[in-house]
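Here is the structure we will look at, set down as structure tokens.
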Amino acid sequence: MSSQPQDVSVKHGDSGVEGTLVGGALHGAARIYADGVMLAILRYVHGRLGGPATLLYPDGKPSAQLHYLDDKLDGKAVYYAQDGTVQREAHYVRGALNGDSKTYLPDGTLLEHARYRQGKLHGLVERFHSNGRLAERHLYGAGKPLQPGERYAMDGRPLDAEGKPLSRWRVGWRKLSGTPPAQQ
Numbered sequence: 006m007s008s009q010p011q012d013v014s015v016k017h018g019d020s021g022v023e024g025t026l027v028g029g030a031l032h033g034a035a036r037i038y039a040d041g042v043m044l045a046i047l048r049y050v051h052g053r054l055g056g057p058a059t060l061l062y063p064d065g066k067p068s069a070q071l072h073y074l075d076d077k078l079d080g081k082a083v084y085y086a087q088d089g090t091v092q093r094e095a096h097y098v099r100g101a102l103n104g105d106s107k108t109y110l111p112d113g114t115l116l117e118h119a120r121y122r123q124g125k126l127h128g129l130v131e132r133f134h135s136n137g138r139l140a141e142r143h144l145y146g147a148g149k150p151l152q153p154g155e156r157y158a159m160d161g162r163p164l165d166a167e168g169k170p171l172s173r174w175r176v177g178w179r180k181l182s183g184t185p186p187a188q189q
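Be aware that the sequence shown starts at 6, since it is given in our numbering, and climbs by one per residue.
In structure tokens:
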């Protein structure tokens, strides 16, 4: 195989790949097509995904902005709805979720904020109602809940495990004792 760069276009009908081969492997930018529509712009390093990647909707708008290292997601990932609003932001290290992950409603309201370590939930996970108020709060360690979570109504009132409002007495006792309401 030649180590000289060679522009190639491998197609089957209206689907295929356009890019540059070096030593028989994709190297540099590559465009992926299906049914004549470009669906991705990827970057390769000696045949392995490496660098920025953009996934596209059929209309050409981005569906995701990603970063790869050695064929694995590595770095910030942003996923978009078809109208261009951000649906999710996450961070990857060697293919596993690591750090903050945020998911949004179509109007841009934060739906969930979670933290990961090596692909597992680790730390505080918060879910929100459509009005932006806190709905649930859980603490995780290595993918497992560390204690019973907290739940809240759309108006901010604390709820018990069955979703019923807690009385003021139970809320006060819970704050003083640190005991989750299900154990009282």
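In this text, a Cβ means the ideal position worked out from N, Cα and C, and glycines have one as well.
Our contact map puts residue i next to residue j with C-beta atoms below 8 Å; I'd like the distance itself, whole angstroms only.
i	j	result
Gly-56	Tyr-73	6 Å
Tyr-145	Leu-139	With 8 Å as the limit, Tyr-145 and Leu-139 do not qualify as a contact, their Cβ atoms being about 16 Å apart.
Ala-45	Leu-60	5 Å
Tyr-38	Gly-24	Contact doesn't hold; Cβ gap of about 11 Å is too wide.
Arg-122	Asn-103	6 Å
Leu-26	Val-13	5 Å
Suppose the cutoff is 6 Å on Cβ atoms and the five residues either side in sequence are ignored; what does the same chain contact list for residue i look like?
i	result
Thr-108	Arg-93, Leu-116 and Glu-117
Ala-69	Leu-60 and Tyr-84
Could you give the distance in angstroms between the alpha-carbon of residue i and the alpha-carbon of residue j?
i	j	result
Lys-81	Thr-90	16 Å
Tyr-49	Leu-129	36 Å
Asp-165	Leu-126	23 Å
Asp-40	Ala-119	37 Å
Ala-58	Arg-99	15 Å
Pro-163	Tyr-157	4 Å
Leu-54	Lys-77	7 Å
Spatial neighbours of residue i within its chain, please: CB distance less than 7 Å, with the 5 preceding and 5 following residues excluded, ordered by chain position.
i	result
Asn-136	Met-159
So the candidates are the options; which of them puts its Cα closest to the Cα of residue i?
i	options	result
Gly-67	Ser-20, Gly-148, His-51 and Leu-47	The question names Gly, but residue 67 is Pro in the sequence shown. Pro-67 has its Cα closest to that of Leu-47, out of Ser-20, Gly-148, His-51 and Leu-47.
Gly-29	Tyr-121, Arg-132, Tyr-157 and Pro-10	Pro-10
Asp-75	Pro-170, Gly-168 and Tyr-97	Tyr-97
Can you give me the start and stop residues for the beta strand (DSSP E) that residue i sits inside?
i	result
His-118	115-122
His-143	139-146
Asn-136	Neither: Asn-136 is in no beta strand (DSSP E) and is coded neither H nor E.
Leu-151	From DSSP, Leu-151 is part of no beta strand (DSSP E); its letter is neither H nor E.
Excluding the five sequence neighbours on either side, which residues of its own chain have a C-beta within less than 8 Å of the C-beta of residue i, listed in chain order?
i	result
Ala-187	In this prediction, Ala-187 scores a pLDDT of 49, lower than 50, which makes its location untrustworthy; no coordinate-derived value is stated.
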